[in-house]
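Student: Structure below; questions to follow.
Protein chains: 2
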Amino acid sequence: MAAVTPDEHERQQDGHCRARVNLRPAAARPFGAAARAALKDTLFPDDPFRGLGGMPPARRAWRVARYFVPALDWSAGYSAASFWYDLLAGVTIANLSIPASATPPSQASLRSSASVSSDHEEGIPQRYSCFVPPLVYAVMGSSRNLGVGPVATSSLLVASIVGGKVRASDDQRLYTQLVFTSAFFTGVLQAALGLLRLGILVDFMSRPAITGFMGGTAIVIMLQQLKGFLGMTHFTTKTDIVSVLRYIFHNTHQWQWQSTVLGVCFLIFLVFTEQVRRRRPKLFWVSAMSPLLVVVVGCVFSFLIKGHKHGIPIVGTLKRGINPSSISQLKFQPEYVGVAMKAGFVSGMLALAEGVAVGRSFAAMKNERIDGNKEMVAFGLMNLIGSFTSCYITTGAFSKTAVNYHAGCRTAMSNAVMSVCMALVLVALAPLFRHTPLVALAAIITSSMLGLVKHREIRRLYEVDKADFAVCAAALLGVVFSTMITGLGVAVAISVLRALLHVARPSTSKLGRVSCGSGAGAGAADDDHAFCDVAQYPGAATAPGILVLQVAGSPVCFANAEYLRERIARWVEDEEKAVAGEDLLYVVLDIGGVTAIDSPGIEMLREVHGELERKGMKMAVTNPRMAVAEKLVLSGLAELVGESWMFLSNGDAVAACRYTLQGSKHGGVPPV
Amino acid sequence: MAAVTPDEHERQQDGHCRARVNLRPAAARPFGAAARAALKDTLFPDDPFRGLGGMPPARRAWRVARYFVPALDWSAGYSAASFWYDLLAGVTIANLSIPASATPPSQASLRSSASVSSDHEEGIPQRYSCFVPPLVYAVMGSSRNLGVGPVATSSLLVASIVGGKVRASDDQRLYTQLVFTSAFFTGVLQAALGLLRLGILVDFMSRPAITGFMGGTAIVIMLQQLKGFLGMTHFTTKTDIVSVLRYIFHNTHQWQWQSTVLGVCFLIFLVFTEQVRRRRPKLFWVSAMSPLLVVVVGCVFSFLIKGHKHGIPIVGTLKRGINPSSISQLKFQPEYVGVAMKAGFVSGMLALAEGVAVGRSFAAMKNERIDGNKEMVAFGLMNLIGSFTSCYITTGAFSKTAVNYHAGCRTAMSNAVMSVCMALVLVALAPLFRHTPLVALAAIITSSMLGLVKHREIRRLYEVDKADFAVCAAALLGVVFSTMITGLGVAVAISVLRALLHVARPSTSKLGRVSCGSGAGAGAADDDHAFCDVAQYPGAATAPGILVLQVAGSPVCFANAEYLRERIARWVEDEEKAVAGEDLLYVVLDIGGVTAIDSPGIEMLREVHGELERKGMKMAVTNPRMAVAEKLVLSGLAELVGESWMFLSNGDAVAACRYTLQGSKHGGVPPV
């Protein structure tokens, strides 16, 4: 028997693999360094302070300040032309905000959800909310398009959580204080998340989930506006579609047709101007001005006909003046701090997700980048300072951002312009809005919600990815038929489970050689080739007696170790049956796509190695990456497999296997 | 200017890639087929019914029956020799079980945790528990080594949950009924999980978590045994180390030194025999018999000296006879069903995880395979039938399995032997155990727990994988310092978060060409090469103007889309700086290791493509897999990138880029 001698084997190995698999530096890498590198890459993917070390202290401080305060970054090159655009955009979104700040969506929903009997009570906080936060955002925000303001979803959420503790109708003062306190906690949470660089948390709210959630919320808010459209004075505290419709049809005696007629007219006008804007983007100011026009016309109309006596409820007395300080109003007593914290944290997470998603969507249209962590800090400061100045929770608002974008804003300065306009109105013009019919506000809110049910995007999801569609539909239906928290919870849970399922079931596939070089033949020495999934490329060539398996798509870890063991065993069995005549002698595991392995994963590989050895097969490993090689060495598995059975490429591994196979066919034994 | 003509480009493409990237069949695959394939691979990784279609009905039925009832599988080839081994092993584990069934760990802990004042009450269910379930397992179980019986952890859990509703000292009958009912729900849950093929759930309890949990639980149970060792008659219901030690040192007046002396003697004897077994595995019967010996000696000793009058509490009257039916005792009233369900489900999950883990560990030592789903069904039936016959929750018990394995069992028949031995003892010998000193049982339990704190495995985890060690330590400390549920919850939460982190932060790396063929030079036409991480292989050759980036380790999805966008942008920026002189013109994305992509992932690729185009760079994609190619086509991204810019291998992509690069340097424009 002409056995392959160790020397021959060595030479063959060397011939086929001049560059050995690199295990050494990995093994030497200390835990601290590896953990630091992993942590840095996890939390600072953008690595903001590269190359700071070499700078003089003053420049370094300036660079750090510029990083943390984006206004310093853009103000350096700020020109009169830019200001002109920002001024225009700012006035436009202020137009949108003034009626909204008189009664923003949140107030309408707050009122309805708190089911107050009178619409004339004092001290509803939201009427101030648009003034201070935009100023903060103008300085701290990293997005150039975002228009900030209160949003309906988080307002409703705060209202429902705080309302569970104190009803606004029972103790208006305490209720307001709790709302401010929850804004404070929102600010603390958001700023802390940003400073801890946990922008990563927001990543787990997927866009399909947000789409479904926004669509469902828009439907719920539109349902709430039926109160205004029907001129009803009472309303249910529930938000799900079944309860709301049941309440409405059980209370037909409250309906007042005058409100309905006026509301439908307003709505048709608003939808028409929106259509005009869509067809002719240059006429954006028509649709941007129309909410203010509706409010003005509504005011004049209801003042002239004394609408509140003829079935058209009006807003009532508005408090005039600038936001008072509310620092002394924050309630940190143990009795209330729990509910304020809960309201603040839950709606804060939600507001963050919504604001960041809105910012991202528009930034993507301009090919700009938004830093999730900076946005978090900006939102946090916005709400912290807001809670000190009688403001409600604010975030990036979709409709405002859309208008800001279409109006051609250049920087966050447009938010400052909006803020100044708001302040002027609050100081000088507040009494004018007294006669605003509630139905006018309902029409404005409804028209702005219509665009948020993105049926086209939902249909597209259905076409491209059924699982994403399921997430989106679950969120939408959850919000509509239950509560907003249910919808969001279900959507996030499905998303997370889906991500976990990817981890639990990584992909294994049998690879074959696909030639794509200019050389001829499928021999070992052809020009260029790739090892691809034989299921995808049925023409891929496999070598008899050698099975190349690829494991990819997930780290090899506790969640999939058992699955992989079974799946690899099944591949081997299938292959044994397929090559019934000849023996299967080599199993090459391509783990180049495996980025990490934990100890159950290592145990799995050890078991696979043992099982194959028992069957008289040899296991080879292709291209272990740094983190994996490290563990292979530490656990002793590298030694068990043998370093000469670790290869850089599948081609190399197959060539080596084939070489020893030929040796053994001619009477030699495969070197083990 | 000698521009590259379309024809030339086509030829070049063809020359370099005879096999085009396969996008078509993927696009044609209907959703139903794809979903079915994914579901089948997720739930039936072992694909048990392959090739059934071609068989005659009778054989097919036989094969299915053999699949579901493993006993049919092994009984066909069962021989007298095998039975001899099983008999020996069965008698051995019965020896271990008889004292344990008189007062198994669960009873001791049940008693202590229920804090009963008298040790003489009737009707404690556990004394029956070892009789029926092993018979069921002998028929249904897929493991050949597993010894079944009640385990301390799930018993303690049931005791603490049911004890929260009804104290055993208040209403012994109701308490017992609730314990049976919880066993019923455990059975239902386990069988349902098995039938639904959700063995996947157990995968998320990682081995490090189970190691920590078992170690912590062993410590807690040993602490509970201090009651026996100190001869105390009352004990605290808490299980955490602080509460237990505080109770013990606040009640020094209860201590009785006689029990301590006797207990320490027994413990030394048991530990000594265990050491004998370890040094000389052939003497396993010494350690296997020693528990029974301790019980017998203890009985005789306390009978002779009337121990219960001299500070040595005894077991007291044992009910004689076989298990009565308990079907009529199950409580399904709304008042109790909740607590029974909770106890049953929580401890059922735990028992399942423990039993499957134990089965796997020993199967791995014999290179056998265990089917998680079959085990679930077997455990479920075991507990269902057990709940009808006055049995407590049972599962695979570690100590019993270890003894069974060392005693040389061949099949699950050893469980049947154990069961018969138990029945004989229950019918004929029960009164003999009346005088058993409680401290003897405490010593037996303590000695069996000593081996469960696997300090060597924990130290090994620390060396190989710090994150796994953290999971293990969290579970252990959680159990010891809080409750078992806390410990398990913390461990599972850390494991899941870690898995999610892998999804949120996939690996990106810059690849370079490492030659490992026998050809010479690093030219495009060399023999064999691999593209490897340049951080791992510093010698890897990169082509100027071309950046090859690999994305691997996770599906590209909502959780990492934004991260990948930022990370890829940073790689491109770094590369631009690094090749300051020359232009970076091509970015090759190697997504061969990406197994799935969702719609936010697609959007990310679209944004990256747009961003690169804005910079005047061209994006190429290497080796998209079937599922990914499908989405690329459906979403229109394949068209955007251009099919001629999708390659099978990195080598091919680089060669094509280099070719067009040369063309453009000589005055041509890169084809877009």
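Chains as they are written, first to last, in UniProt numbering: chain A, 1 to 672; chain B, 1 to 672.
Backbone N, C-alpha and C fix where the C-beta goes; we use that ideal spot for every residue, glycine too.
Remember, it's a predicted structure, so these values are computed and weren't measured experimentally.
Which two residues bound the contiguous beta strand (DSSP E) that contains residue 529 of chain A?
Tutor: Its beta strand (DSSP E) spans residues 529-533.
Student: Residues of the stretch 527-538 of chain A in Cβ contact with chain B at a cutoff of 8 Å, in chain order, please.
Tutor: If the cut-off is 8 Å between Cβ atoms, the stretch 527-538 of chain A has 527, 528, 529, 530, 532, 533, 535, 536, 537 near chain B.
Student: In the stretch 445-466 of chain A, which residues sit with their C-beta less than 7 Å from some C-beta in chain B, listed in chain order?
Tutor: Residues 461, 463, 464, 465, 466.
Student: If we cut at 8 Å on Cβ distances, does residue 513 of chain B have a partner in chain A?
Tutor: By this cut-off, residue 513 of chain B is not an interface position.
Student: With distances taken from CA atoms, which of A/69, A/37, A/93 is nearest residue 408 of chain A?
Tutor: Minimum Cα distance to residue 408 of chain A is reached at A/93.
Student: With distances taken from CA atoms, which of B/290, B/570, B/474 is nearest residue 487 of chain B?
Tutor: When each option's Cα is compared against that of residue 487 of chain B, the closest is B/474.
Student: Is it buried or exposed, residue 252 of chain B, if we count other Cβ atoms within 10 angstroms and call 16 or more buried?
Tutor: Label assigned to residue 252 of chain B: exposed.
Student: Report the residue from B/64, B/264, B/248, B/395 whose alpha carbon sits nearest the alpha carbon of residue 143 of chain B.
Tutor: The shortest C-alpha separation from residue 143 of chain B is found at B/395.
Student: Looking at the secondary structure, which residues open and close the alpha helix (DSSP H) in which residue 393 of chain B lies?
Tutor: Counting along the chain, residue 393 of chain B falls outside any alpha helix (DSSP H), and DSSP gives it neither H nor E.
Student: Using a Cβ cut-off of 8 Å (strictly closer), state whether residue 273 of chain B contacts chain A.
Tutor: Cβ-Cβ to chain A under 8 Å: no for residue 273 of chain B.
Student: Evaluate the contact criterion for the stretch 623-632 of chain A versus the stretch 594-611 of chain A: three or more CB pairs, one atom per stretch, below 8 Å.
Tutor: Yes, they touch.
Student: Can you give the Cα-Cα distance for residue 587 of chain A and residue 618 of chain A, rounded to whole angstroms?
Tutor: Using only the alpha carbons, I get a separation of about 6 Å.
Student: At a CB distance below 8 Å, what residues from the stretch 537-555 of chain B approach chain A? Give them in sequence order.
Tutor: Those residues of the stretch 537-555 of chain B that come within reach of chain A (Cβ to Cβ, closer than 8 Å) are 537, 539, 552, 553, 554, 555.
Student: May I ask you to report which of helix, strand or coil DSSP gives residue 674 of chain B?
Tutor: Nothing about residue 674 of chain B can be read from this structure; chain B reaches only from 1 to 672.
Student: Considering only DSSP beta bridges, list what residue 556 of chain A is partnered with.
Tutor: Residue 556 of chain A pairs with A/597.
Student: Hey, could you find the ends of the alpha helix (DSSP H) residue 508 of chain B is sitting in?
Tutor: Residue 508 of chain B -> not in any alpha helix (DSSP H); beta strand (DSSP E) instead, spanning 507-515.
Student: Over what stretch of residues does the beta strand (DSSP E) that includes residue 618 of chain A continue unbroken?
Tutor: From DSSP, the beta strand (DSSP E) with residue 618 of chain A extends over 618-622.
Student: Let's test the definition: count the other Cβ atoms within 10 Å of the Cβ of residue 686 of chain A and tell me whether it reaches 16, buried, or not, exposed.
Tutor: As shown, chain A starts at 1 and ends at 672. That puts residue 686 of chain A outside it, with no answer to give.
Student: Roughly how many angstroms separate the alpha carbons of residue 243 of chain B and residue 145 of chain A, rounded to a whole number?
Tutor: Cα-Cα distance, rounded: 58 Å.
Student: Taking 8 Å as the CB-CB cut-off, is residue 212 of chain B touching chain A?
Tutor: Answer no: the Cβ-Cβ gap between residue 212 of chain B and chain A never drops below 8 Å.
Student: How many angstroms separate the CA atom of residue 73 of chain B from the CA atom of residue 541 of chain A?
Tutor: Distance between the alpha carbons of residue 73 of chain B and residue 541 of chain A is about 38 Å.
Student: Under the rule that 16 or more other beta-carbon atoms within 10 Å means buried, what is residue 166 of chain B, buried or exposed?
Tutor: Label assigned to residue 166 of chain B: buried.
Student: Determine the burial state of residue 584 of chain A: buried for a count of at least 16 other Cβ atoms within 10 Å of its Cβ, exposed for fewer.
Tutor: Flag for residue 584 of chain A reads buried.
Student: DSSP beta-bridge partners for residue 590 of chain B?
Tutor: Residue 590 of chain B pairs with B/550, B/622.
Student: Between residue 654 of chain B and residue 485 of chain B, is the Cβ-Cβ spacing less than 8 Å?
Tutor: Cβ atoms of residue 654 of chain B and residue 485 of chain B: not closer than 8 Å.
Student: Can you tell me whether DSSP reads residue 647 of chain A as helix, strand or coil?
Tutor: Residue 647 of chain A falls in the strand class under three-state DSSP.
Student: Give the C-beta separation of residue 510 of chain A and residue 571 of chain A to the nearest angstrom, bearing in mind that I take them to be a contact with Cβ-Cβ under 8 Å.
Tutor: Contact holds; Cβ gap of about 6 Å.
Student: Output, in sequence order along the chain, the residues in the stretch 582-609 of chain A whose CB is closer than 8 Å to any CB in chain B.
Tutor: Within the stretch 582-609 of chain A, the residues whose Cβ lies closer than 8 Å to some Cβ of chain B are 592, 593, 594, 595, 596, 598, 599, 600, 602, 603, 607, listed in chain order.
Student: Give the DSSP-derived three-state secondary structure of residue 660 of chain A in the structure shown.
Tutor: Of the three classes helix, strand and coil, the one that applies to residue 660 of chain A here is helix, per DSSP.
Student: Around the C-beta of residue 157 of chain A, are 16 or more other C-beta atoms found within 10 angstroms, so that it is buried, or is it exposed?
Tutor: Result: buried.
Student: Any beta carbon from chain A within less than 8 Å of residue 648 of chain B's own beta carbon?
Tutor: Yes, because at least one Cβ of chain A sits closer than 8 Å to the Cβ of residue 648 of chain B.
Student: Hey, residue 228 of chain A and residue 259 of chain A are a contact pair by Cβ (cut 8 Å); roughly how many whole angstroms apart?
Tutor: Contact flag correct, Cβ pair sits at about 7 Å.
Student: The alpha helix (DSSP H) spanning residue 243 of chain B covers which residue range?
Tutor: Looking at the DSSP string, the run of the alpha helix (DSSP H) that includes residue 243 of chain B is 241-250.
Student: Compare the C-beta of residue 373 of chain A with all C-beta atoms of chain B and state if any pair is closer than 8 Å.
Tutor: It does not; no Cβ of chain B falls within 8 Å.
Student: Taking the alpha-carbon positions, what's the residue 384 of chain A to residue 256 of chain A distance?
Tutor: Using only the alpha carbons, I get a separation of about 42 Å.
Student: Give me the DSSP bridge partner(s) of residue 149 of chain B.
Tutor: Answer by DSSP bridge pairing, in chain order: B/395.
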